[in-house]
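Counting in the working numbering, the sequence shown runs from 119 upward without gaps.
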Amino acid sequence: MKKDALFNKKGKEILKLELDAEPFNRMTASFYKYFELSDPYAFRDELFRKWDKLEIFGRIYVAAEGINAQMSVPAHYWDDFLNILDITPELKGIHIKRALQDGNSFYKLTVKVRKELVAYGVPEDSYTMEKVGNHLSAEEYNDALQNPDTVIVDMRNYYESEIGRFENSIIPDVETSKELLPEVKRILEGKENEQVLLYCTGGIRCEKASSYLIHHGFIDVNQLQGGIIQYAHDIKKKGLPSKFIGKNFVFDDRLGERVTEDVIAKCHICGDTCDTHTDCKNDACHILFIQCETCKNELAGCCSKACKDFASLPIEEQRIRRKDPTQVVSRTFFDSRIKPKLSQNI
Ligand SMILES: [Zn+2]
Ligand SMILES: [Zn+2]
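Shown next as structure tokens:
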């Protein structure tokens with residue numbers, strides 16, 4: 119097979135139109151696993167070949183330390199997808215988390231090889247994946263939260279916590295994930311003997327973070343099994359109260375899954391209560407921000423008047439101006455941390 123066949127070639131707009139026209143439903147699912155891979159590139163090619171045949175879309179990262187996958191599977195191929203996992207020794211028996219809301223989550227298949235699954239940038243000898251925190255079920259997590267001495271830390275990025283979080287959780291004030299672990303260690307200083315609860319979207323970030331904290335002397339480190347995605351499922355299934363309020367930010371086109379009806383964020387333009395993330399329609403900007411319906415209509419989906427004006431120029435004119443950095447309208451008034459590179463965060 120030619121190498122070209124292992125990558126997607128079509129443009130985004132065409133792919134999105136094709137997705138909308140599909141006569142079948144898709145199921146959104148995610149999974150991760152830490153394991154040692156000697157040849158991540160060969161593993162990547164093999165997965166791409168098999169999943170592409172089943173018209174699976176998604177964003178998958180493969181590294182020498184394992185896999186992290188978010189995907190959208192045609193409902194009629196669901197069993198075949200499970201079969202592939204089953205006959206792949208590294209993925210056999212892997213725990214799959216289903217999304218709360220399916221929707222159109224991905225429009226193409228991307229399988230990338232990365233250096234690390236979670237880019238915390240901490241030295242390799244500051245954690246060991248053999249020693250990670252205890253995994254707590256939704257029920258156990260809720261119970262632990264009753265203890266007034268428990269410390270709960272959100273291991274995600276600011277823009278994720280902004281629309282949904284566990285009650286009373288600490289939201290570390292960092293700009294990038296590289297600063298996160300040292301900052302969490304600093305926040306927790308003096309609490310080495312107390313119960314620490316960590317949580318993230320799907321669990322993968324807490325695996326490494328808990329290992330790092332254990333390595334630095336914390337004795338009772340716990341993490342939410344399967345992250346908020348699994349928690350949201352389990353509280354619904356078991357009729358438990360949700361200690362997580364608001365929306366769970368997800369890294370696909372849906373940008374969030376509603377867990378409770380609470381809306382805890384505000385429109386970044388007018389300050390009205392709103393928790394809908396959107397990305398600026400100005401192709402030179404594409405900042406991720408929160409915008410209410412009224413502001414969306416007023417600014418044509420852009421983050422500012424400047425972006426709206428730029429986006430309404432003829433495409434040719436935009437292209438010419440984009441070559442000159444002084445002419446590019448973007449990031450007009452937002453804090454840098456509100457502009458994540460979605461594909462690089464998990
Ligand atoms: Zn607004
Ligand atoms: Zn903009």
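For every residue, glycine included, the Cβ atom is placed at its ideal position computed from N, Cα and C.
Computed from a predicted model, the values in this text were never measured in an experiment.
Report yes if the C-beta of residue i is less than 6 Å from at least one heavy atom of ligand 1; otherwise report no.
i	result
residue 425	no
residue 421	no
residue 267	no
residue 413	yes
residue 382	no
residue 387	yes
residue 410	yes
Confirm, please, whether the CB-CB distance from residue j to residue i is below 7 Å.
i	j	result
residue 371	residue 222	yes
residue 366	residue 375	yes
residue 179	residue 227	no
residue 344	residue 318	no
residue 418	residue 400	no
residue 315	residue 340	yes
residue 249	residue 329	yes
residue 421	residue 398	yes
residue 151	residue 212	yes
residue 352	residue 217	no
residue 145	residue 191	yes
Does ligand 2 have even one heavy atom less than 6 Å from the beta-carbon of residue i?
i	result
residue 392	no
residue 405	yes
residue 400	yes
According to the neighbour-count rule (16 or more other Cβ atoms, all chains shown, within 10 Å of its Cβ), is residue i buried or exposed?
i	result
residue 325	buried
residue 129	exposed
residue 245	buried
residue 135	exposed
residue 283	buried
residue 69	The shown model of the chain, from 119 to 464, leaves out residue 69, and the question about it has no answer.
residue 454	Because the pLDDT at residue 454 is just 44, under 50, the model does not fix this residue reliably, and the value given afterwards should be weighed accordingly. So residue 454 ends up on the exposed side.
residue 388	exposed
residue 131	exposed
residue 412	exposed
I'd like the ranges of any beta strand (DSSP E) spanning at least 3 consecutive residues and lying wholly in the stretch 379-404. DSSP runs (the beta strand (DSSP E)) wholly in the stretch 379-404: 395-397.
Q) If you scan the stretch 257-292 from start to end, which runs of the beta strand (DSSP E) of 3 or more residues do you find wholly inside it? A) List check, beta strand (DSSP E) in window: 269-272 and 282-284.
*Give, in chain order, every unbroken run of the beta strand (DSSP E) that is at least 3 residues long and sits entirely within the stretch 212-251.*
For the stretch 212-251, the continuous beta strand (DSSP E) assignments of 3+ residues that do not extend past its boundaries occur at 227-231, in sequence order.
Minimum length 4: unbroken alpha helix (DSSP H) runs contained in the stretch 131-200: Restricted to the stretch 131-200, the alpha helix (DSSP H) segments that are unbroken, complete and at least 4 residues in length are 158-171, listed in chain order.
What are the uninterrupted segments assigned as alpha helix (DSSP H) that are 4 or more residues long and contained completely in the stretch 322-353, given in chain order?
-> Within the stretch 322-353, the complete alpha helix (DSSP H) runs of at least 4 residues fall at 322-333.
field: Runs of alpha helix (DSSP H) lying entirely within the stretch 350-375, each at least 4 residues, in chain order
entry: Fully enclosed alpha helix (DSSP H) runs of 4 or longer: not present.
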